[in-house]
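In my numbering, the protein residues as written are 1 to 360.
Just so it is clear, CB atoms sit at the ideal spot from N, CA and C, and this is done for glycine as well.
The structure under discussion appears below in the form of structure tokens.
Next up, the structure:
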């Protein structure tokens, strides 16, 4: 058992606190990772606000990179000293998705069996099974993906969630390719990732849509060829005008509300693809004329974690970053300390940052 500092959300809407937590020694199939950097993701704020569950207290943080400190019995694919990016979809290899050769859809992903706790023994619920706003964290060994150790932790760790979700939505789910026209609605961290992914895939036209001029400027840095300010223009009409009146081959909805999904549906070309990667809240309802769903053809897809396979995608994208082909460093707006997470949430809410990254 090791005592470390970690960022905990004790109750709905309460400011987070840095407290002492207990991290068990790794059991069978587990690993303890010394966290070097962890991005502040909107999902962590959802946890604090009770938008995920009410299993307080939460140990927040999940978009992380670090070094393996210790491993438990039966762990052979990683060892102490390995530099890893943490993922929240450690594939089981046994479920029906894995047996069909689709491990990116694994329906029974692994987490650590032992709980981390407060000093008084109260079990903590780690965000997305990780809990990485801490000096060390306990995870399942399958949640550790080895990548090039020369990569900067504050950059590599971002692949653990939002950036990977965005890139994967365009590349894996949407299958953007050379010559395609791609529109991305919502250009925060995930949407900017989709713009970067479309650019990486060789799309000839990338249209970024947002109501915030700052986010549109961010999108240009990742390869957007055109921008649409949705507070000044009709999104569907603007995308159609920019694509010769046809609509985009692929439209990514990185917001996840009925309005933006409907815009994405009508802003795509005939037989085009819509990808939903923004996460809706449970009460949201969508209404579309069924004849339009039929008549427009194409595909309506949802993207889970960018349909990524961490063991395949994380090392590949880190290598592309190291080669200068993927500007991951541009996602890092600021580097902060553990005790600045609450302020980072406030900046996120005001739209002032693409990513704040806790470095330890």
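Exercise for review: Give the range of the alpha helix (DSSP H) segment to which residue 189 is assigned.
Suggested key: 189 to 200
Point to revise | Cβ pair count under 8 Å reaching 3, the stretch 32 to 43 against the stretch 133 to 146 | key: yes
Practice item. Starting from residue 138, trace the alpha helix (DSSP H) both ways and give me its first and last residue. Key: First-last for residue 138: 136 to 140, but that is the beta strand (DSSP E), not the alpha helix (DSSP H).
Practice item. Assess, as a yes-or-no matter, whether the stretch 324 to 336 is touched by the stretch 293 to 300 under the definition of 3 or more beta carbon pairs within less than 8 Å. Key: no
Exercise for review: Tell me whether residue 155 counts as near the ligand ATP, meaning its Cβ is closer than 7 Å to at least one heavy atom of that ligand.
Suggested key: Ligands displayed in this structure: none; no statement on the ligand ATP is therefore possible.
Practice item. In the DSSP assignment, find the unbroken beta strand (DSSP E) run with residue 239 in it and report its ends. Key: Per DSSP, residue 239 lies in no beta strand (DSSP E) segment; the continuous alpha helix (DSSP H) that holds it begins and ends at 235 to 242.
**Study point:** 8 Å Cβ cutoff, residue 153 in contact with chain D
**Key:** This model lacks chain D altogether, as it is built from one protein chain only.
Exercise for review: From the DSSP output, read off the bridge partner residues of residue 344.
Suggested key: Looking at the DSSP assignment, residue 344 forms no beta bridge with any residue, so it has no partner.
Check your understanding: Measuring CB to CB, does residue 252 end up less than 8 Å from residue 279?
Key -> no
**Study point:** Alpha-carbon to alpha-carbon, residue 231 and residue 211
**Key:** 5 Å
Practice item. Report buried or exposed for residue 53, applying the criterion of at least 16 other Cβ atoms within 10 angstroms of its Cβ. Key: exposed
Review point. Since residue 126 and residue 59 are thought to touch, with beta carbons under 8 Å apart, how far apart are those beta carbons, to the nearest angstrom?
Key: Sure, about 5 Å apart at Cβ, within 8 Å.
**Study point:** Start-to-end residues for the beta strand (DSSP E) that takes in residue 110
**Key:** No beta strand (DSSP E) contains residue 110, which DSSP labels as neither H nor E.
Check your understanding: Which residue from 304, 150, 75 and 95 puts its Cα closest to that of residue 168?
Key -> 304
Point to revise | Alpha carbon of residue 174 to alpha carbon of residue 240, nearest angstrom | key: 19 Å
Point to revise | residue 363, DSSP secondary structure in three states | key: Not covered by the structure: residue 363. The range shown for the chain is 1 to 360.
Practice item. Out of 114, 97, 312 and 88, point me to the one whose CA is closest to residue 22's CA. Key: 114
**Study point:** Helix, strand or coil at residue 7 [DSSP, three-state]
**Key:** Look at residue 7 here: in three-state DSSP terms it is strand.
Review point. Where does residue 116 land, buried or exposed, given buried means 16+ other C-beta within 10 angstroms?
Key: Classification for residue 116: buried.
Practice item. Have a look at 73, 56 and 272 and flag the residue whose alpha-carbon is nearest the alpha-carbon of residue 26. Key: 73
Check your understanding: Is the distance from the Cβ of residue 288 to the Cβ of residue 272 below 8 Å?
Key -> no
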